[in-house]
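Structure first, commentary second.
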Amino acid sequence: MTMADGRADVAVIGGGLAGITAAVELADAGFSVTVLEARAWLGGATCSFVRRGLTIDNGQHVFLHGSVAYRDLLARLGSTSAGSIREQPELTILSPQGELTLRRSGLPAPLHLVRALAGYRYLTRRERLAAAAAGLLLQFTEPAVGRADDDASLGAWLDRRGQDDNAREMLWDLLAVTLTGLPANLADLGLAAAAIRAAILAGRDTGDIGVPAVPLSQLHARPAAELLARLGATVMLGARAAGVRRTGRGEFEIRLEHSVAAAQSTSPAAPRTDSTADRDVPEMPGLITADAVVMAVPAWEAAVIAPAELAEQARQWSLLQPSPVVSLHVIYADRVTRLPHAAVAGSPVRWIADKTGPAGLHAGQYLAAAVPAADNYVDLPASRLRAELLPELERLFPIAAGTEVQDFFITRERRAVVRHVPGSQQLRANQPAALPGLAVAGAWTATGLPDTMESAVRSGRTAARKVLADLSGAELSGAGPSPAAARTAAARTAAARTAAARTAAARTGGPGTAELATAGSGTAGSGTAGSGTAGSGTAGSGTAGSGAVWPGTGGVGPSPQAAPDDAARTAATGMAKAI
Ligand SMILES: Cc1cc2nc3c(=O)[nH]c(=O)nc-3n(C[C@H](O)[C@H](O)[C@H](O)COP(=O)(O)OP(=O)(O)OC[C@H]3O[C@@H](n4cnc5c(N)ncnc54)[C@H](O)[C@@H]3O)c2cc1C
């Protein structure tokens, strides 16, 4: 796309993991891709900001080893290098009763869990046997798609399988919340059963936990911006799509609303600072025309911007309900636990992570604690949350009671994930087959998975493949080459030429991919490293390729969003609000 004409082969609306995945796949295929992101950074629901010199993630993001698509994306982004993520075959589970560590064995599934369940002393022996029997039965539980009654919840099913209150609280709720974002009494049975099967019954290592060891902005936003720039894609920040319309020529028009504050961001992962606040922002088009569009935005936003042809589906999407996550961030003067990471049973706090190192704290300990399905907490003032939830940490780590709290703050994600209650599955978006060139992506779409990073990445892939198939179909149609088909063919030729040049350069020992990309600095500044330095403290090493980071403020950089920029951060989709 050029700045002047506001045209792209493919416009990807939304720069979360779904949009990033779709954009990378389509740019890889040789299309000119423009990513339109309402906020000042990429990464969507996985992001970081800076507060008092520390890099804070908006929420903990763990993943399972079975999240193959997400792990592929990390590899494509170059985020799997040593030290970026920690994968562990054991899991510590804390409770007010103590601490235990579950270790899977090397036996094939489901036998790999026998030892772990046998040692799960939060349940009685009888409860453990009953839980094992229920777990095996879950293998054969069919999704109850279409049923919206409470009887179609995991909780109702567990009741029928004789799981008592203690087993529900100390085992099943922990599993359900972790895998679906909801406790068992609310979670859709079919979805929960599929998630539990995939996580812990499908293979002996599928349930191993992966934990980011660097800030999310460093894991996702920065490498994504760098990769997209190298692939020649354009990233427009502060560009909110207000509506998508299909024209009579079969193209799509996307109406844009711009946020100057977000567009002034130094980079897709950088804080807005005083030095960037007065930066001149080049005039941006109010309209983008594209041969194809991927709508990779949350359900409620997709319902608002969808073209008229999708009115009925959009109405369904708008009926999906959000589920909030509240996170506590506590800086202690001294170390209160040696654990890097733990799950919690029997408490509203479900996950605790030691973020001292990733945040850049050099003295004391920074613990982040997540309260998912936080409907009862999300509207409470910080003082109430402190009074109610800090004692939870003290129950888990008694030494914390006598340790000075140097800082305490809350982040709230009101629309963290979709509330996958019974009846929600049929509201999720399928690809609109009748609308060639338009695809829908997002963790909330019909992936068969809960609202996770894995679901987001898979949906991005599916959407990219629909667009590829639709545009190829346009090329192959007998009605003579359409403008879209001609551009598609040209894009592919250009991509093939670039690939050949890279191969030749590699053979002759000439400039490698990175140098080629540097040489091809396009409209984004001059392809210099990002200037953001907050938090992680390392300047971006990426150089802009032929792509652009709109509005050309100097390429891509590493740093997360600054905490004070609340207005931009809370825009659009109910972002975390640091208080
Ligand atoms: C606090 C928290 C904790 C979580 N924990 C986990 C976890 O442990 N494990 C896990 O797997 N998942 C977790 N999740 C869920 C996971 O982060 C999401 O499912 C996933 O990141 C969603 O990606 P997405 O691309 O579908 O959507 P999003 O990340 O929401 O991306 C959508 C993007 O579209 C942009 N946008 C919206 N409207 C417009 C518009 N009109 N025009 C342009 N841009 C627009 C938004 O600004 C956003 O950047 C968590 C989520 C939260 C919030």
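Residue 540 in my numbering sits at position 537 of the sequence shown, with consecutive numbering throughout.
Glycine included, C-beta positions come from ideal geometry on N, C-alpha and C.
Would you list the one or two residues that DSSP bridges to residue i?
i, result
"Q368", "Y335"
"A216", "The partner list for A216 (beta bridge, DSSP) is empty, contrary to what the question assumes."
"E102", "L97"
"T414", "S330"
"A345", "I355"
"H423", "DSSP output for H423 lists no bridge partner at all."
"V408", "Y335"
"D191", "S156"
"V443", "M298"
"H223", "DSSP, once it has assigned bridges, lists no residue as partnering H223."
"V247", "I257"
"I88", "P215"
Using beta-carbon positions only, say whether residue i and residue j come within less than 7 Å of one another.
i, j, result
"A404", "E397", "yes"
"P226", "G81", "yes"
"H223", "G46", "yes"
"E158", "A187", "In the sequence on display, residue 158 carries Gly and not Glu. Yes, Cβ-Cβ distance for G158 and A187 is below 7 Å."
"I257", "A32", "no"
"R243", "A21", "no"
"V297", "A135", "no"
"A594", "A30", "Outside the displayed range of the chain (4 to 582) lies residue 594, so it cannot be described from this structure."
"A305", "W320", "yes"
"I413", "Y369", "no"
"I96", "A376", "no"
"Q91", "I16", "no"
"A202", "G210", "yes"
"L392", "L323", "no"
"S51", "L219", "yes"
"A112", "L204", "yes"
"H261", "G241", "yes"
"A362", "L174", "no"
"V36", "A26", "yes"
"A348", "S156", "no"
"V470", "A295", "yes"
"L76", "T24", "yes"
"T183", "P453", "yes"
"M239", "L110", "no"
"V65", "V214", "yes"
"A385", "R353", "no"
"T406", "V300", "no"
"E457", "S87", "no"
"L132", "W160", "no"
"L194", "V424", "no"
Assuming residue i and residue j make a contact with CB atoms under 8 Å, what is their CB distance in whole Å?
i, j, result
"R461", "A72", "5 Å"
"S350", "V421", "Rounded, the Cβ-Cβ distance is 24 Å, inconsistent with contact."
"A583", "R341", "Here the chain has residues from 4 to 582 only, and residue 583 is not among them."
"Y123", "L140", "With 8 Å as the limit, Y123 and L140 do not qualify as a contact, their Cβ atoms being about 18 Å apart."
"L313", "G289", "That belief does not hold up - the Cβ atoms of L313 and G289 are roughly 22 Å apart, past 8 Å."
"E302", "A309", "Position check: residue 302 holds Ala in this sequence, whereas Glu was assumed. The pair is not a contact, with the Cβ atoms about 10 Å apart (cut-off 8 Å)."
"H68", "D208", "5 Å"
"A432", "T448", "4 Å"
"A466", "A446", "About 12 Å; that fails the 8 Å criterion."
"V329", "L388", "7 Å"
"L178", "I199", "6 Å"
"A48", "A419", "7 Å"
"G367", "Q409", "6 Å"
"R107", "L120", "In fact, because the Cβ distance is near 10 Å, the residues do not count as touching under 8 Å."
Is residue i close to chain C? Criterion is C-beta to C-beta, closer than 7 Å.
i, result
"G9", "Judged by its chain identifiers, the structure shown contains no chain C, having just a single protein chain."
Examine ligand 2 and report whether any of its heavy atoms sits within less than 6 Å of the Cβ of residue i.
i, result
"A236", "What this structure holds is ligand 1, not ligand 2."
Query raised in the report: Of all the alpha helix (DSSP H) runs that stay within the bounds of the segment 11-73, which reach a length of 4 or more residues?
Result: Taken in chain order, the whole alpha helix (DSSP H) runs of length 4 or more contained in the segment 11-73 are 20-31.
Query raised in the report: Enumerated in chain order, which unbroken segments of the beta strand (DSSP E) with a length of 3 residues or greater are wholly contained in the segment 288-336?
Result: Entirely contained in the segment 288-336, the beta strand (DSSP E) runs reaching 3 residues are, in chain order, 290-298, 325-335.
Query raised in the report: Enumerated in chain order, which unbroken segments of the alpha helix (DSSP H) with a length of 4 residues or greater are wholly contained in the segment 369-405?
Result: Whole alpha helix (DSSP H) segments, 4+ residues: 385-399.
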